[in-house]
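Numbering follows this note's numbering, with no gaps: position 81 of the sequence shown is 83.
For every residue, glycine included, the Cβ atom is placed at its ideal position computed from N, Cα and C.
Step one of this worksheet: look at the structure below.
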Amino acid sequence: MTNVVLKATADVENPKTGIENRKRLAGNLSALLADTYLLLVKTQGYHWNVVGPLFVSLHGLTEEQYENLFEAADELAERIRALGHPAPTSITEMISLTVISEDTGSASAEDMVSNLARDHEAVVRRLREGVEIAEDLRDMATADLLTERMQFHEQAIWMLRAILAK
Ligand SMILES: [Fe+2]
3 MTNVVLKATA DVENPKTGIE NRKRLAGNLS ALLADTYLLL VKTQGYHWNV
53 VGPLFVSLHG LTEEQYENLF EAADELAERI RALGHPAPTS ITEMISLTVI
103 SEDTGSASAE DMVSNLARDH EAVVRRLREG VEIAEDLRDM ATADLLTERM
153 QFHEQAIWML RAILAK
C-alpha cells in the first residue's frame, strides 16, 4: 500500500511528457504567478480606495482586471502542478519572487492608474522572457499560456493609459 502511494506521488512529480528542465519552467511560472498575485492585491486595493472624478471608470476597470488576475493566478499555479512542481502558496515567498512593489499608501486616482500601467508593463517584460524560456525548452503549453497573459496585460496598459489621455 505504501509503495503504491509513493509511486503515485513520484508519478505526479515526474510526468513523462518529454519536457526537459521542468524545474526551470516551474520557477519561471512561479515568478509570474507572484507578479500576478501581487498585482491582483494592488488592483483590488485601488478598486476599494479610489476617490474623485475617475471613481466610476477606475472602480469598474479595476474590478474587471482583478477578476482576470484571480483566474490567471489559478491557471499559472495549475500549470506549475501539471509540470510536477509545487505551486507557491506563501505571500512571503511571492513577495520574494515578484517585481511588483506593494502600495500601502493612499495614492491619487491618477497615480493609481500610472502605477498599475507601469506594473503591467513590468509584467509584460517578464512574460516575454518567460515565453522565450518556454519556447527554448519546447513547452508549447506554457508558451501559449504566457502569450495569452501578455495580451491581457498589454490591453490593460492601453485601457489604463486611455483613462489619463488628454
Ligand atoms: Fe467591488
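Its chain contains Val-126 and Leu-129 as the residues whose beta carbon lies nearer than 6 angstroms to that of Met-152, once the 5 sequence neighbours on both sides are disregarded; these appear in chain order. Ligand 1 never approaches Glu-73 closely enough for any of its heavy atoms to be under 7 angstroms from the residue's Cβ. Its chain contains Leu-60, His-61, Thr-64, Ala-111 and Met-114 as the residues whose beta carbon lies nearer than 8 angstroms to that of Val-52, once the 5 sequence neighbours on both sides are disregarded; these appear in chain order. When the beta-carbon positions are compared, Asp-141 and Leu-27 come within less than 8 angstroms of each other. Between Ala-74 and Thr-106, the C-beta spacing is not below 8 angstroms. The C-beta of Gln-67 has 16 or more other C-beta atoms within 10 Å across all chains shown, which makes the residue buried. Only residues of its own chain outside the window of five on either side were considered, and among them Ile-159, Leu-162 and Arg-163 have a CB closer than 6 angstroms to the CB of Ala-119, listed in chain order. Residue burial is scored here from C-beta neighbours: Leu-71 has at least 16 other C-beta atoms within 10 angstroms and is therefore classed as buried. The three-state reading of DSSP puts Thr-64 in helix, counting H, G and I together. Within the model, the alpha-carbon separation for Val-133 versus Arg-24 is close to 14 angstroms. Per DSSP, reduced to three states, the secondary structure at Asp-141 is coil, with no helix or strand assignment. Around Leu-56, the same chain offers Ala-111 as residues with beta carbons nearer than 6 angstroms, after the five sequence neighbours per side are excluded.
By the neighbour-count criterion, in which a residue is buried when 16 or more other Cβ atoms sit within 10 angstroms of its Cβ, Ile-93 is exposed. Nearest C-alpha to Ser-98 among Lys-18, Leu-139, Leu-35 and Leu-42: Leu-35. Here Met-96 is not near Leu-31, since their CB atoms are 8 angstroms or more apart. The DSSP-derived three-state label of Glu-15 is helix.
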